[in-house]
Amino acid sequence: MPDIAASAPVCVRRVTTPGLIEPPGASWTNCMVIGQEVVMSGVTARGTDGAPIGGANAGLQAKAIFNRIAAQLNAAGGDLCNVYKLVIYVTDMRFKDDINAMRAAAFQPLYPASTFVGVNGFAFPDLLVEIDAFANLAVNLHNAGA
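Our numbering puts the first residue of the sequence shown at 3, with every later residue one more than the last.
Here it is as structure tokens:
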């Protein structure tokens with residue numbers, strides 16, 4: 003068994019992105035890189051004015067979210083091709099097709115593994131979609147065999 007205490011510490015780096023400001027006193031970090039892994043808090047379409055980008059349209063909220071995920075990955079030194087897993091939370095499964103269309107537009111085959119979950123709501127009631135994206139800077143799904 004390896005000696006964990008003798009392991010070199012893993013580099014952790016906070017990633018900041020214009021337009022995705024953590025409010026003063028926030029008890030979370032929007033994005034960080036741990037080694038090669040990019041870790042993001044659940045991404046929403048909540049605008050700086052508090053209103054959802056895309057209004058009450060789940061597809062447009064999802065598009066804004068995928069754009070935010072891409073911006074965070076770019077700031078971390080990566081790209082959407084580094085995303086290997088998505089967990090999509092939605093308040094109404096009737097929005098599934100609109101969200102899937104935005105997911106297909108954001109990614110290329112080989113698509114990330116994905117889970118789609120219905121929830122009762124989010125911290126801000128006018129949000130319809132929240133997405134967890136799991137990425138690794140050493141992964142490139144565009145170069146993977148299908």
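A virtual CB, placed ideally from N, CA and C, is assigned to each residue, including glycine.
Values in this document were obtained by computation on a predicted structure and should not be read as measured data.
Starting from Asn138, trace the beta strand (DSSP E) in both directions and tell me its first and last residue. Val131 to Asn138
Enclosing beta strand (DSSP E) for Leu88 [first to last residue]: Val85 to Val92
Flag this pair as yes or no: are the beta carbons of Asp94 and Gly61 separated by less than 8 Å? no
Tell me the DSSP secondary structure of Ala97 in three-state form. Reading the sequence as shown, one finds Phe at residue 97 and not Ala. DSSP places Phe97 in helix when its eight states are reduced to three.
Whole angstroms is fine: what's the gap from Leu129's alpha carbon to Ser9's? 42 Å
Looking at Val131 and Gln63, is the spacing between their C-beta atoms short of 8 Å? yes
In DSSP terms, what Pro54 is bridged to: Arg48
Taking the C-alpha atoms as reference points, what is the distance between Leu82 and Ile67? 12 Å
From the DSSP output, in three-state form, read off Phe68 for me. helix
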